[in-house]
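Student:
There are 4 protein chains.
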Amino acid sequence: MSATKTPIRTDIGSSTPDSITVFGRDFTNDILGKLSFGDMAFLELTGRTPTENESRMFNAMLVTLVEHGLTPSTLVARLTILGAPESLQAAVAAGLCGLGTVFVGSIEGTAKMLYEAMPDPAPPAEHARLAKQILDRFEAEKAIVPGIGHPFHKPIDPRTPRLIQLARETGFDGPYIALVLQISAEGERRKGKKLPVNATGILGALCCEMRFDWRICRGLGVMARAVGLVGHILEEMRSPMARDIWLKTEHDATAHVRDMD
Amino acid sequence: MSATKTPIRTDIGSSTPDSITVFGRDFTNDILGKLSFGDMAFLELTGRTPTENESRMFNAMLVTLVEHGLTPSTLVARLTILGAPESLQAAVAAGLCGLGTVFVGSIEGTAKMLYEAMPDPAPPAEHARLAKQILDRFEAEKAIVPGIGHPFHKPIDPRTPRLIQLARETGFDGPYIALVLQISAEGERRKGKKLPVNATGILGALCCEMRFDWRICRGLGVMARAVGLVGHILEEMRSPMARDIWLKTEHDATAHVRDMD
Amino acid sequence: MSATKTPIRTDIGSSTPDSITVFGRDFTNDILGKLSFGDMAFLELTGRTPTENESRMFNAMLVTLVEHGLTPSTLVARLTILGAPESLQAAVAAGLCGLGTVFVGSIEGTAKMLYEAMPDPAPPAEHARLAKQILDRFEAEKAIVPGIGHPFHKPIDPRTPRLIQLARETGFDGPYIALVLQISAEGERRKGKKLPVNATGILGALCCEMRFDWRICRGLGVMARAVGLVGHILEEMRSPMARDIWLKTEHDATAHVRDMD
Amino acid sequence: MSATKTPIRTDIGSSTPDSITVFGRDFTNDILGKLSFGDMAFLELTGRTPTENESRMFNAMLVTLVEHGLTPSTLVARLTILGAPESLQAAVAAGLCGLGTVFVGSIEGTAKMLYEAMPDPAPPAEHARLAKQILDRFEAEKAIVPGIGHPFHKPIDPRTPRLIQLARETGFDGPYIALVLQISAEGERRKGKKLPVNATGILGALCCEMRFDWRICRGLGVMARAVGLVGHILEEMRSPMARDIWLKTEHDATAHVRDMD
Numbered sequence: 048m049s050a051t052k053t054p055i056r057t058d059i060g061s062s063t064p065d066s067i068t069v070f071g072r073d074f075t076n077d078i079l080g081k082l083s084f085g086d087m088a089f090l091e092l093t094g095r096t097p098t099e100n101e102s103r104m105f106n107a108m109l110v111t112l113v114e115h116g117l118t119p120s121t122l123v124a125r126l127t128i129l130g131a132p133e134s135l136q137a138a139v140a141a142g143l144c145g146l147g148t149v150f151v152g153s154i155e156g157t158a159k160m161l162y163e164a165m166p167d168p169a170p171p172a173e174h175a176r177l178a179k180q181i182l183d184r185f186e187a188e189k190a191i192v193p194g195i196g197h198p199f200h201k202p203i204d205p206r207t208p209r210l211i212q213l214a215r216e217t218g219f220d221g222p223y224i225a226l227v228l229q230i231s232a233e234g235e236r237r238k239g240k241k242l243p244v245n246a247t248g249i250l251g252a253l254c255c256e257m258r259f260d261w262r263i264c265r266g267l268g269v270m271a272r273a274v275g276l277v278g279h280i281l282e283e284m285r286s287p288m289a290r291d292i293w294l295k296t297e298h299d300a301t302a303h304v305r306d307m308d
Numbered sequence: 048m049s050a051t052k053t054p055i056r057t058d059i060g061s062s063t064p065d066s067i068t069v070f071g072r073d074f075t076n077d078i079l080g081k082l083s084f085g086d087m088a089f090l091e092l093t094g095r096t097p098t099e100n101e102s103r104m105f106n107a108m109l110v111t112l113v114e115h116g117l118t119p120s121t122l123v124a125r126l127t128i129l130g131a132p133e134s135l136q137a138a139v140a141a142g143l144c145g146l147g148t149v150f151v152g153s154i155e156g157t158a159k160m161l162y163e164a165m166p167d168p169a170p171p172a173e174h175a176r177l178a179k180q181i182l183d184r185f186e187a188e189k190a191i192v193p194g195i196g197h198p199f200h201k202p203i204d205p206r207t208p209r210l211i212q213l214a215r216e217t218g219f220d221g222p223y224i225a226l227v228l229q230i231s232a233e234g235e236r237r238k239g240k241k242l243p244v245n246a247t248g249i250l251g252a253l254c255c256e257m258r259f260d261w262r263i264c265r266g267l268g269v270m271a272r273a274v275g276l277v278g279h280i281l282e283e284m285r286s287p288m289a290r291d292i293w294l295k296t297e298h299d300a301t302a303h304v305r306d307m308d
Numbered sequence: 048m049s050a051t052k053t054p055i056r057t058d059i060g061s062s063t064p065d066s067i068t069v070f071g072r073d074f075t076n077d078i079l080g081k082l083s084f085g086d087m088a089f090l091e092l093t094g095r096t097p098t099e100n101e102s103r104m105f106n107a108m109l110v111t112l113v114e115h116g117l118t119p120s121t122l123v124a125r126l127t128i129l130g131a132p133e134s135l136q137a138a139v140a141a142g143l144c145g146l147g148t149v150f151v152g153s154i155e156g157t158a159k160m161l162y163e164a165m166p167d168p169a170p171p172a173e174h175a176r177l178a179k180q181i182l183d184r185f186e187a188e189k190a191i192v193p194g195i196g197h198p199f200h201k202p203i204d205p206r207t208p209r210l211i212q213l214a215r216e217t218g219f220d221g222p223y224i225a226l227v228l229q230i231s232a233e234g235e236r237r238k239g240k241k242l243p244v245n246a247t248g249i250l251g252a253l254c255c256e257m258r259f260d261w262r263i264c265r266g267l268g269v270m271a272r273a274v275g276l277v278g279h280i281l282e283e284m285r286s287p288m289a290r291d292i293w294l295k296t297e298h299d300a301t302a303h304v305r306d307m308d
Numbered sequence: 048m049s050a051t052k053t054p055i056r057t058d059i060g061s062s063t064p065d066s067i068t069v070f071g072r073d074f075t076n077d078i079l080g081k082l083s084f085g086d087m088a089f090l091e092l093t094g095r096t097p098t099e100n101e102s103r104m105f106n107a108m109l110v111t112l113v114e115h116g117l118t119p120s121t122l123v124a125r126l127t128i129l130g131a132p133e134s135l136q137a138a139v140a141a142g143l144c145g146l147g148t149v150f151v152g153s154i155e156g157t158a159k160m161l162y163e164a165m166p167d168p169a170p171p172a173e174h175a176r177l178a179k180q181i182l183d184r185f186e187a188e189k190a191i192v193p194g195i196g197h198p199f200h201k202p203i204d205p206r207t208p209r210l211i212q213l214a215r216e217t218g219f220d221g222p223y224i225a226l227v228l229q230i231s232a233e234g235e236r237r238k239g240k241k242l243p244v245n246a247t248g249i250l251g252a253l254c255c256e257m258r259f260d261w262r263i264c265r266g267l268g269v270m271a272r273a274v275g276l277v278g279h280i281l282e283e284m285r286s287p288m289a290r291d292i293w294l295k296t297e298h299d300a301t302a303h304v305r306d307m308d
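Chains as they are written, first to last, in the numbering used here: chain S, 48 to 308; chain R, 48 to 308; chain W, 48 to 308; chain F, 48 to 308.
#1: Less than 8 Å between the beta carbons of GLN229/R and ALA175/R, yes or no?
#2: Of all Cβ atoms in chain W, is any one closer than 8 Å to the Cβ of MET160/F?
#3: Name the residue from ALA187/S, LEU92/S, ALA107/S whose alpha carbon lies nearest to the alpha carbon of PHE70/S.
#4: From which residue to which residue does the beta strand (DSSP E) around ILE67/S run?
#5: Going by CA-CA distance only, name the one from PHE105/R, GLY196/R, GLU282/R, ARG95/R that's closest to GLU235/R.
#6: Assuming MET165/W and PRO222/W form a contact by the criterion Cβ under 8 Å, report the distance between their Cβ atoms to the nearest whole angstrom.
#7: Mark GLN136/F as exposed unless 16 or more other C-beta atoms lie within 10 angstroms of its C-beta, in which case mark it buried.
#8: Helix, strand or coil: how does DSSP classify SER61/W here?
#9: From the DSSP output, in three-state form, read off ILE249/F for me.
#10: Report the partner residues of ARG72/S according to the DSSP bridge assignment.
#11: Going by other Cβ atoms of all chains shown within 10 Å of its Cβ, with 16 needed for buried, is PHE199/R buried or exposed?
#12: Three or more C-beta pairs closer than 8 Å, one from the segment 50 to 64 of chain W and one from the segment 294 to 304 of chain S: is that the case here?
#13: Would you kindly report the start and end of the unbroken alpha helix (DSSP H) that includes ALA289/F?
#14: Rounded C-beta distance between VAL113/W and GLY275/W? I'm assuming under 8 Å.
#15: For the structure I just gave you, are there three or more beta carbon pairs, one from the segment 109 to 129 of chain F and one from the segment 241 to 258 of chain F, closer than 8 Å?
#16: For LEU117/R and chain W, any beta-carbon pair shorter than 8 Å?
#17: Are the CB atoms of ARG262/F and GLY80/W within a distance shorter than 8 Å?
#18: Let me know the beta strand (DSSP E) ranges lying completely inside the segment 127 to 208 of chain W, each 3 residues or longer, listed in chain order.
#19: Shorter than 8 Å from the beta carbon of ASN100/R to some beta carbon of chain S?
#20: So THR217/R and ASN100/R are in contact, right, with Cβ under 8 Å, and what is the actual spacing, rounded?
#21: Three-state secondary structure (DSSP) at PHE259/R?
#22: To which residues of the same chain is ALA131/F closer than 8 Å at the C-beta, ignoring the five residues directly before and after it?
#23: Take THR68/W and list the residues in its own chain whose beta-carbon comes closer than 8 Å to its own, dropping the five residues that flank it on each side.
#24: Compute the Euclidean distance between the alpha carbons of MET48/F and ASP77/R, then round it to the nearest angstrom.
#25: How many angstroms separate the CA atom of ASP204/W from the CA atom of VAL244/W?
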């Protein structure tokens with residue numbers, strides 16, 4: 048096939064034999080030891096260091112999805128390290144593969160929904176109308192509204208009010224938070240049941256408040272879960288459960304064969 | 048197959064409908080908004096929150112490997128999102144898969160080498176002898192000594208002296224740092240060329256200073272690189288290069304076919 | 048969280064200490080050495096062994112996507128084995144991660160499009176009308192029609208006429224092949240340019256002829272590419288290119304930095 | 048970093064607008080519809096088409112590892128598709144990540160062990176001595192001997208005698224099969240218990256008989272398992288178990304928390 052003529056280019060970083068430059072900064076002297084891990088993640092997404100309020104809110108957003116006990120992705124990482132103990136990186140990679148539209152990826156779904164309805168912040172008086180429009184469209188398309196409801200946490204995902212409180216404290220309690228809350232309220236009115244905003248719903252709204260590109264919002268969950276998966280792999284190494292999960296599952300799922308005997 | 052009788056158990060986290068517990072803490076009220084992302088990572092690896100010095104050193108360790116410009120793993124993530132733009136998590140996962148023994152995994156190799164030679168800290172007078180033993184063993188096994196030398200950064204990986212300085216400031220400039228420096232010195236003496244400790248070498252030694260299990264040390268690099276990969280995917284979405292890399296590579300690698308015409 | 052009461056169950060396979068059963072067959076005596084690799088893949092998707100015609104067509108479908116030279120996924124596998132030579136499985140996994148909606152996944156897109164328009168085979172007289180309806184809908188949604196056109200193979204993807212010929216020889220040249228060809232013809236009429244059915248378009252139609260669930264059609268490409276990726280990893284081990292691709296790309300993409308000096 | 052001057056090159060395949068060449072053959076006319084999927088895999092590994100005997104043996108080798116019921120890797124694929132149903136390729140990728148040294152990767156371990164002891168075929172009289180040497184070395188290194196023993200299949204993995212029978216029928220019952228059987232016999236003598244050659248042990252020996260590079264032998268299992276994983280994903284779509292496995296595991300592993308109440 049024919050090559051193109053466009054010169055490729057990265058503005059993230061480059062190196063000389065005795066220096067590393069990242070986003071225009073001297074990595075060794077101006078970043079290393081000066082920026083925290085969370086603030087470095089902010090730099091990766093925005094090309095600049097966060098303000099104090101941005102840092103507090105953004106770190107909380109990342110921390111939200113690091114850990115939620117035994118999720119499917121942690122089981123995947125544990126079952127993978129069982130077969131390939133020499134490839135920790137592959138066990139984390141396997142665990143991340145499932146962060147799609149159903150679980151963590153709903154951050155992205157929420158952010159996309161909010162941006163599409165409200166590309167730029169609209170005055171509060173508009174939010175109820177926008178929420179109705181959004182629900183009308185999702186109903187017409189028979190699609191699941193992202194970011195509201197939770198199969199287990201009832202009456203409300205405890206992380207939601209805490210994240211809203213932090214948004215208030217840091218000045219990120221803006222129009223997108225308001226809109227996602229309106230969507231929840233309108234959804235509850237239509238369905239006649241509790242459909243509170245869940246953690247990924249609030250995170251999606253917060254991503255909009257921070258003006259992140261919706262296509263990258265799932266990335267916050269991916270960064271966060273990568274950290275949590277390493278924690279689960281460490282526990283698996285010390286007090287393993289993967290082999291038992293496997294053997295028990297295999298046994299249970301083939302009981303019907305033995306019953307035939 | 049037959050199931051085992053052992054009850055499985057996790058001590059990382061659990062949930063009730065209205066609460067989430069992580070390492071024995073109320074996640075919502077005691078972690079979210081209180082712990083930074085880096086400190087949360089420390090909690091995952093140790094089950095406790097870091098001291099101020101631990102936090103400073105550990106955050107720097109994580110930040111070290113977030114970004115190094117266009118590495119093979121960032122190219123992998125970019126080439127993957129090209130084909131599956133709807134699966135950001137899979138692009139990060141693909142990028143992580145290559146963090147094995149050659150690149151980031153050398154943290155693990157260094158930590159293992161240091162722990163095997165010095166399970167518990169030995170007095171400084173022992174370090175030179177231990178370094179000789181280690182090099183003797185690697186020479187006998189014709190194995191590459193992890194953590195020293197760098198194909199590009201010369202005379203020294205600029206991150207190394209900076210990390211040592213931070214170790215000094217935070218009280219982590221202990222026996223494992225000393226030993227890895229001795230290995231470098233002894234290696235340089237034997238080979239008659241510069242073989243300074245590289246970034247993953249110092250990180251491996253710092254993992255030992257923090258008493259991390261060597262089997263999990265690669266995980267620090269995996270956490271860090273997951274963050275950096277999201278940054279590269281974002282740049283790829285905005286100013287893509289993956290298609291050009293692909294087409295140019297394909298063109299160059301098949302030139303010999305066209306030359307036959 | 049609360050566990051469910053439903054008993055889990057697999058009907059794919061089970062084992063006793065001295066036997067393995069797969070899809071109700073004695074694996075050792077009735078499958079091993081009797082079924083070819085391609086026919087085993089057919090058994091996995093259908094629960095039965097193929098007829099001679101099914102075997103010929105299905106094997107050709109799988110073979111189609113094994114190899115297409117240096118694709119993005121093969122570059123990913125090569126760049127991954129560079130960093131983790133001890134984890135061949137992770138290099139293949141990384142290479143598969145990019146088989147999404149843009150490349151191989153278009154098999155799924157085509158099959159879904161065809162099934163939605165024509166859940167059950169319709170008489171030839173209906174095909175032109177259905178093709179118009181499909182294109183109207185894609186135009187209304189501003190979506191790309193899967194399975195037609197090719198950026199490089201012109202005037203036509205050479206695999207397309209060959210697959211159609213094989214479909215004719217094996218009796219799979221049915222209504223879904225006819226419909227995808229009508230879509231191509233109608234598309235060419237509307238756009239005033241060549242938009243022939245490409246390889247994944249024909250494969251999607253063939254999956255419909257074989258009545259495969261559209262949600263699994265991408266799986267044929269995944270099976271096939273897994274085979275091809277191993278071939279590329281072997282070549283990479285013997286005559287490597289990944290390091291050069293990396294270094295050259297890094298050099299080219301940071302030229303603007305050096306130009307500033 | 049500086050780019051190298053070496054021209055990169057692939058000899059696997061290339062394309063022109065109207066043709067695709069693979070291993071020097073016209074892909075469309077000489078491979079598609081003529082080579083079975085298994086024989087195409089052989090072409091990828093050797094650059095040539097197999098003889099009739101090679102085809103029969105090689106297809107059986109691939110088929111061996113396609114399916115073994117609910118293995119850890121199939122559970123991983125199922126738990127991954129639960130969270131990312133839109134990314135079938137990522138679910139297969141996740142499932143492959145665990146094919147490391149413990150499970151399928153033991154093909155590689157066996158082949159490496161056999162080649163190191165016997166780079167070229169040695170006469171039968173030498174095999175017992177070589178087997179002793181191998182076991183001495185593994186004992187000295189306190190390493191697990193790959194390819195012998197099975198935690199579940201007793202007294203013998205039923206695939207082993209079948210594969211040996213096929214090797215005899217196709218002329219691949221050579222010195223490496225003999226050597227691995229000697230290793231098993233010597234191991235049984237030393238341990239005083241049954242340690243028969245298992246399926247991956249025989250496959251490793253067969254890879255040596257076919258003169259495959261040991262570094263690629265794991266690839267046969269990866270190809271095979273990719274096929275089986277698609278089958279399990281299809282069953283998961285139709286009669287799901289992943290959500291139940293997750294919820295039940297989470298419930299069981301946190302029982303100790305509830306017991307405290």
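Think of the CB as a built atom: it goes at the ideal place given N, C-alpha and C, for glycine as much as any other residue.
Tutor: If we stick to the structure as given:
#1: GLN229/R is a Cβ neighbour of ALA175/R, given a cutoff of 8 Å.
#2: Not one chain W Cβ lies under 8 Å of MET160/F.
#3: Closest option to PHE70/S, judged by alpha-carbon separation, among ALA187/S, LEU92/S, ALA107/S: LEU92/S.
#4: For ILE67/S, the enclosing beta strand (DSSP E) begins and ends at 66 to 69.
#5: It is GLY196/R.
#6: About 7 Å; that satisfies the 8 Å criterion.
#7: Counting C-beta atoms within 10 angstroms of its own C-beta, GLN136/F has 16 or more neighbours from the protein chains shown and is therefore classed as buried.
#8: Strand.
#9: In this structure, ILE249/F counts as helix in the three-state DSSP scheme.
#10: Paired residue(s): VAL69/S.
#11: The residue in question, PHE199/R, is exposed, as its Cβ has fewer than 16 Cβ neighbours within 10 Å.
#12: Result yes; three or more Cβ-Cβ pairs closer than 8 Å.
#13: It spans 289 to 300 - the alpha helix (DSSP H) in which ALA289/F sits, taken as one unbroken run.
#14: So it is a contact: roughly 4 Å between Cβ atoms.
#15: Judged by Cβ distances under 8 Å, the segment 109 to 129 of chain F makes contact with the segment 241 to 258 of chain F, as three or more pairs qualify.
#16: Contact of LEU117/R with chain W is assigned, a C-beta pair being separated by under 8 Å.
#17: Not in contact: GLY80/W and ARG262/F (Cβ atoms no closer than 8 Å).
#18: As far as the segment 127 to 208 of chain W is concerned, it has no whole beta strand (DSSP E) run of at least 3 residues.
#19: For ASN100/R, the nearest beta carbon of chain S is not closer than 8 Å to its own beta carbon.
#20: About 4 Å separates the two Cβ atoms, so the contact holds.
#21: DSSP, read as helix, strand or coil, puts PHE259/R in coil.
#22: The answer, listed in chain order, is ALA137, ALA138.
#23: Excluding positions up to five away in sequence, the list reads GLY60, SER61, SER62, PHE74.
#24: Model confidence at MET48/F stands at a pLDDT of 49, short of 50, so the residue's coordinates are unreliable; what they give is reported in the following sentence. Their Cα atoms are separated by approximately 45 Å.
#25: Their Cα atoms are separated by approximately 8 Å.
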